[in-house]
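Protein chains in written order, with the numbering used here: chain A, 1 to 313; chain B, 1 to 519.
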Amino acid sequence: MKQLQYAARRIVQMIPVLVLVTIVSFFLLKLLPGDPAAMVLGDKASDAAIAAFRHQLGLDQPLLAQYLLYVQHLATGNLGTSIIYRTPVMELMGPRAEVTGFLVVYSMVLGILIAVPLAFAAALHRDGWPDQLVRVVTTIPLVSPTFWIGLLLLLVFSVKLHWLPATGFGESFADHLVHLFLPALTLSLSFAALLARNLRAAILDALGRTFVDFARAKGLPRRVILYRHVLRAALVSIVTIVGLQLSFAIGGAVVTETVFALPGLGTWMEQSIFARDYQVVQSLTFIFAAGTIVINLLTDLTYSVLDPRVTVD
Amino acid sequence: MRGTGSRRVLLASIAAVLLLSACGGAAQPAASTAGSSGGKSVFTYAVNTPADNLDPVTQDANADIWPLANVYETLVGLNQKGDGYVPDLATSWDTSSDGLTWTFHLRSGVKFSNGQAMTSADVVWSLQRAHDTNGPWQWALAPVKSIAAPDASTVVITLAQPWAPFLADVSLFSSAIMSAATFKSATQATISKSPMGTGPYYVAQWVQGQKIVLKANSHYWQAGLPKTAEVDLPYVPDDNTRAIQIQSGQVDGIDAPAFAQLDQLRAASNLNVLLDPSTAVALLSLNTKQGPTASVQFRQALADAIDYQGLIKTIVFGNAKPANSFLPETTLFYNASQTGYSFDLAKAKALFAQSGVPAGTTLSLLVRSGSQVQQQTAVELKSDWTQLGINPQLELLDPAAATARYRQDDFQVDITGWTNDIPDPDELTTYALGFTQSESYHSQYHSAAMDALITQGETTLDTAKRQQIYNQIQQMAMNDLPIIPLYYAPYTVALSKKVSGFVQMTTGPWLFANVTVQP
């Protein structure tokens, strides 16, 4: 019950933050020079044609009136209509959110699958060669730009070896797994490196705790000690990084989606900013912000589940 | 364990949220750029700009025009070289001796892709709409006084005055023949999103910002065409990604590979790199009303201080010729013997001294971010012009911000370019030097003598006389220099060696009707 109350309070606290997000995204965008009507109609359009189109879009209204209309629409779940695509934002969002969601979750799963064994190998052979190797190897993705890793993977696995498709999303679930393997791997590597390093430290920390000594003294098998006690104690560190990384992954997805020509939210955001597609940029900013807040909340709630000593009030 | 139940619920709800975000609530399957695995029946060609309006009359971008050439047709077509006209939906045409009345005899047996027969009523409706619709191509049919259909297979167009570029204007995509029955009462949104014409292909699917899928029009009037059942045009903006797609065999062709990548693509044994003759001109537009560029000697000094060969070497890796005229080489009445500017620093310095512009003057160059070519051009120009004793500054803006500045004439030097849509010089001449359409590329150049020559060029029917007029125009443009033509670069295309029959017109459109892909 305490957790539910806590969650309810945090959700109420979200409201002012989200209002602030709408204000900042709306006015910042309008401060940028550039006009979506001029972008849509092109260099050859007359000033009269552009003025008429601006009127049709309501862009000639006072800023405050435009903002209030936007908030009013948002409150009723109406995200408006894309200026470039002349289609409701909601309709355009579905297929793109599917791509980005799949990519982000896939990269998290890959990252965990890569990081956990590495962290255990390093921690259990502290200062031995596996530990040294993991520590060196994990610095590489941390210092390499995402687009570069992506291009490198493409050159090796698509161009040279022809093992995996270079781009696209595929049609079925299995197809998605194949098509998104390289982009998810690209996105997961820096996450995996960060996670492996933190998890290694957390495992070492747990291994030195008295409850592990106690478990050993009780004669519990090593596997049970590692998975039931050590890993559980280290889980808090995984959750923290997963939570942080989920927010970063949305940003990282912009770069990764561009390199792999994926029709996701990231590439859409980029195109929309360049085209000054106000409705789309505002909607996506709002959704990303709300998503980040929700992820942070879930992260905090998860702590108390994993570690009863963490209280939520 | 204590409280396990509630924890399970919480964990399950976290998982549910993650799953939800993964599914995005979407039922419809997302796009894929694949499809070449089976070969033969699909030709996949990755393009670098997305279409955003498929109405031939109101669109304004090559990304719309170039695929549309496979969907819509005009009464009169262009030959592939782009210097003459061929019958298309009209098999022949006659003109009265005063040049005012044009009679077009329509091809029989032409059907739209929905199977409905094309008649003179469709032609009248389409041309009338193009004539009446306020848009970027309205100039094309501006001299038309009336359009009539005496019978089902004849169309008579009367002009208000003799008009030399008239056939060119009828061949322009905005004069495409659309079905009156389908579009007469359609909204603009429908016309923009659901094109339907007499061409070899129809648009089977268009996912905006992602891809266009063209499928063969089974009613097409040319027997045996198109040769490939489906053409997919995925939008892949990143140059590196397109290059990787073709090298990995995921697509059969890519549009506009970067010049920097051509050698790498040529080295691949399974690829052909095409450099198609184009109507592309790289240009600088100079503000003739404000700042140092208001001085004509200063503008000429800038033109003489550019190392054109160096520019071509750096930017297009030698794959271009220096421009000696604002007109592309492939345009009618282009004057090959027009003297262009060439790198001559001594002459440039002398002109600069005459111009009265003080040494050390700051000159700002408008540069659009995201365009490698523009950024490299700006850097080259800066180093060239620094030698002149001025202080060139690069203003890097994103395209929307740069467009706003350009439209407000708020720039000194803008890096820009052109591709023709018709082979006649009238379109570009009017746009670049005639003020009314674009304030002469927003240079604000406005000359009564130039305007008079442009009108003469439009209304003189004699070809030899027109050549003289356009020679004069090209000469005057190079003297007054509101725009500095830099170089003529070809279109770049990379295709798998299994592809044959691909055609790109000098005006840009891709023609897919004859494309075949070996399995």
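C-beta atoms are modelled at their ideal positions from N, C-alpha and C, and glycine is treated no differently.
Quantities reported herein were computed from a predicted structural model and do not represent experimental measurements.
Review point. Would a check of beta-carbon distances place residue 413(B) closer than 9 Å to chain A?
Key: Taking the second sequence and counting its residues from 1, the one referred to as residue 413(B) is at position 413. It does not; no Cβ of chain A falls within 9 Å.
Review point. For residue 77(A), which beta-bridge partners are listed by DSSP?
Key: Within the first sequence, the letter at position 77 stands for residue 77(A). Note: residue 77(A) sits in no beta bridge, so no partner.
Exercise for review: Taking only the alpha-carbon atoms, compute the straight-line gap between residue 461(B) and residue 163(B) and give it to the nearest angstrom.
Suggested key: Within the second sequence, numbered from 1, the residue matching residue 461(B) stands at position 461. Within the second sequence, numbered from 1, the residue matching residue 163(B) stands at position 163. Computed Cα separation, rounded: 7 Å.
**Study point:** Spatial distance of residue 200(A) from residue 297(A) (CA atoms)
**Key:** For this step, residue 200(A) is matched to residue 200 along the first sequence. For this step, residue 297(A) is matched to residue 297 along the first sequence. Each residue's alpha carbon lies about 25 Å from the other.
Review point. What's the gap between the Cα of residue 129(B) and the Cα of residue 139(B)?
Key: Mapped onto the second sequence, residue 129(B) falls at position 129. Mapped onto the second sequence, residue 139(B) falls at position 139. Between residue 129(B) and residue 139(B), the C-alpha separation is close to 13 Å.
**Study point:** residue 525(B) to residue 185(B) span [Cα, whole Å]
**Key:** The question about residue 525(B) has no answer here: the residues shown for chain B are numbered 1 through 519.
Review point. Which residues in chain B sit within 8 Å of residue 87(A), going by Cβ to Cβ distance?
Key: On the first sequence, position 87 is the one that residue 87(A) refers to. The contacting residues are 208.
Point to revise | Limits of the unbroken beta strand (DSSP E) element including residue 102(B) | key: The residue labelled residue 102(B) in the question sits at position 102 within the second sequence. Segment 101-106, the beta strand (DSSP E) holding residue 102(B).
Review point. Exposed or buried, which one is residue 173(A) when buried takes at least 16 other CB atoms within 10 Å?
Key: If you number the first sequence from 1, residue 173(A) lands on position 173. With fewer than 16 Cβ atoms within 10 Å of its Cβ, residue 173(A) is classed as exposed.
Practice item. Could you spell out where the alpha helix (DSSP H) holding residue 95(A) opens and where it closes? Key: The residue labelled residue 95(A) in the question sits at position 95 within the first sequence. Segment 89-124, the alpha helix (DSSP H) holding residue 95(A).
**Study point:** Three-state class that DSSP yields for residue 408(B) in the structure shown
**Key:** As a first step, residue 408(B) is located in the second sequence; it is residue number 408 there, counting from the start. In the structure shown, residue 408(B) sits in coil (DSSP, three-state: anything other than H, G, I, E or B).
Practice item. Select from 428(B), 464(B), 475(B), 262(B) the residue whose C-alpha is nearest the C-alpha of residue 44(A). Key: As a position in the first sequence, residue 44(A) is number 44, starting the count at 1. When only C-alpha atoms are compared, the closest one is 428(B).
Exercise for review: Closer than 7 Å by beta-carbon distance: list the chain A residues that pair up with residue 136(B), in chain order.
Suggested key: Within the second sequence, residue 136(B) is the residue found at index 136, counting from 1. Result: 42, 44, 45.
Review point. How long is the line joining the alpha carbons of residue 155(B) and residue 208(B), rounded to whole angstroms?
Key: Numbered from 1 along the second sequence, position 155 holds the residue referred to as residue 155(B). Numbered from 1 along the second sequence, position 208 holds the residue referred to as residue 208(B). About 36 Å.
Review point. Taking 9 Å as the CB-CB limit, is residue 155(A) close to chain B?
Key: Numbered from its first residue, the first sequence carries residue 155(A) at position 155. It does; some Cβ of chain B falls within 9 Å.
Review point. What did DSSP end up calling residue 139(B) once you bin it into helix, strand or coil?
Key: In the second sequence, the residue the question calls residue 139(B) occupies position 139. It is helical.
Practice item. Below 6 Å CB to CB, which residues in the same chain sit around residue 359(B) once its five sequence neighbours on both sides are set aside? Key: On the second sequence, position 359 is the one that residue 359(B) refers to. Here the set comprises 389.
Exercise for review: Take residue 310(B) as the anchor and find which of 379(B), 447(B), 49(B), 400(B) has the nearest alpha-carbon.
Suggested key: Against the second sequence, residue 310(B) aligns to sequence position 310. Minimum Cα distance to residue 310(B) is reached at 379(B).
Check your understanding: How many angstroms separate the CA atom of residue 470(B) from the CA atom of residue 277(A)?
Key -> What you label residue 470(B) is simply residue 470 of the second sequence in a count that begins at 1. What you label residue 277(A) is simply residue 277 of the first sequence in a count that begins at 1. Looking at the two C-alpha atoms, the distance is approximately 42 Å.
Practice item. Have a look at the DSSP bridge pairing and note the partners of residue 212(B). Key: As a first step, residue 212(B) is located in the second sequence; it is residue number 212 there, counting from the start. DSSP output for residue 212(B) lists 206(B), 233(B) as bridge partner(s).
Practice item. Consider the Cβ of residue 250(B): report whether some Cβ of chain A lies at a distance smaller than 9 Å. Key: Within the second sequence, the letter at position 250 stands for residue 250(B). At least one chain A Cβ lies under 9 Å of residue 250(B).
Exercise for review: May I have the straight-line CA-CA distance separating residue 187(A) from residue 241(A), to the nearest angstrom?
Suggested key: Along the first sequence, one-based indexing puts residue 187(A) at 187. Along the first sequence, one-based indexing puts residue 241(A) at 241. Between residue 187(A) and residue 241(A), the C-alpha separation is close to 14 Å.
Review point. In chain order, what residues of the same chain have a beta carbon less than 8 Å from the beta carbon of residue 33(B), not counting five sequence neighbours either side?
Key: Your numbering for residue 33(B) matches position 33 in the second sequence. Model confidence at residue 33(B) stands at a pLDDT of 34, short of 50, so the residue's coordinates are unreliable and nothing is read from them.
Check your understanding: residue 352(B): which of 501(B), 300(B), 90(B) sits nearest, CA to CA?
Key -> Translated into the one-based positions of the second sequence, residue 352(B) becomes position 352. The shortest C-alpha separation from residue 352(B) is found at 300(B).
Review point. Pick from 113(B), 159(B), 55(B): whose alpha carbon is nearest that of residue 97(B)?
Key: Indexing the second sequence from 1 puts residue 97(B) at position 97. Of the listed residues, the one whose Cα sits closest to residue 97(B) is 159(B).
Practice item. With a floor of 3 residues, list each beta strand (DSSP E) that falls wholly inside the stretch 453-514 of chain B, ordered by position along the chain. Key: 483-488, 491-496
**Study point:** residue 276(A): contacting residues in chain B (beta-carbon distance under 8 Å)
**Key:** Reading the first sequence from its first residue, position 276 is the one you call residue 276(A). Within chain B, the residues near residue 276(A) are 400.
Check your understanding: Does DSSP put residue 309(A) in a helix, in a strand, or in coil?
Key -> Sequence index remark: in the first sequence, residue 309(A) carries index 309 (1-based). Correct three-state label for residue 309(A): coil.
Exercise for review: Look at the Cβ atom of residue 335(B), then the Cβ atom of residue 362(B), and state whether they are nearer than 9 Å.
Suggested key: Residue numbering aside, residue 335(B) sits at position 335 when the second sequence is read from its first letter. Residue numbering aside, residue 362(B) sits at position 362 when the second sequence is read from its first letter. No, these two residues do not count as a Cβ contact at 9 Å.
Exercise for review: Check the Cβ of residue 162(A) against every Cβ in chain B and list those closer than 8 Å, keeping chain order.
Suggested key: Here residue 162(A) corresponds to residue number 162 of the first sequence, with the count starting at 1. Those are 248, 249, listed as they occur along chain B.
Check your understanding: Comparing alpha-carbon positions, which option in 48(B), 238(B), 136(B) lies nearest residue 60(B)?
Key -> Locating residue 60(B) in the second sequence gives position 60, where the first residue counts as 1. Residue 136(B) is the option with its Cα nearest to residue 60(B).
Review point. Any C-beta of chain A sitting closer than 9 Å to the C-beta of residue 405(B)?
Key: Position 405 of the second sequence, counted from the first residue, corresponds to residue 405(B). Residue 405(B) counts as touching chain A.
Review point. At least one CB of chain B closer than 9 Å to the CB of residue 260(A): is that the case?
Key: As a working mapping, residue 260(A) is identified with position 260 in the first sequence. Yes - at least one Cβ of chain B is within 9 Å of the one on residue 260(A).
Practice item. Find out if the Cβ-Cβ distance for the pair residue 226(A), residue 182(A) is shorter than 9 Å. Key: Within the first sequence, the letter at position 226 stands for residue 226(A). Within the first sequence, the letter at position 182 stands for residue 182(A). Against a cut-off of 9 Å, the Cβ pair of residue 182(A) and residue 226(A) comes out as no contact.
Practice item. Could you name the residues of chain A that residue 330(B) contacts, counting a contact when the two beta carbons are closer than 9 Å? Key: By one-based count along the second sequence, residue 330(B) stands at place 330. Correct list: empty, because the minimum Cβ distance to chain A is about 21 Å.
**Study point:** Bounding residues of the beta strand (DSSP E) (the contiguous stretch that carries residue 341(B))
**Key:** Residue 341(B) sits at position 341 when you count from the first residue of the second sequence. Unbroken run through residue 341(B): none, as it is neither H nor E.
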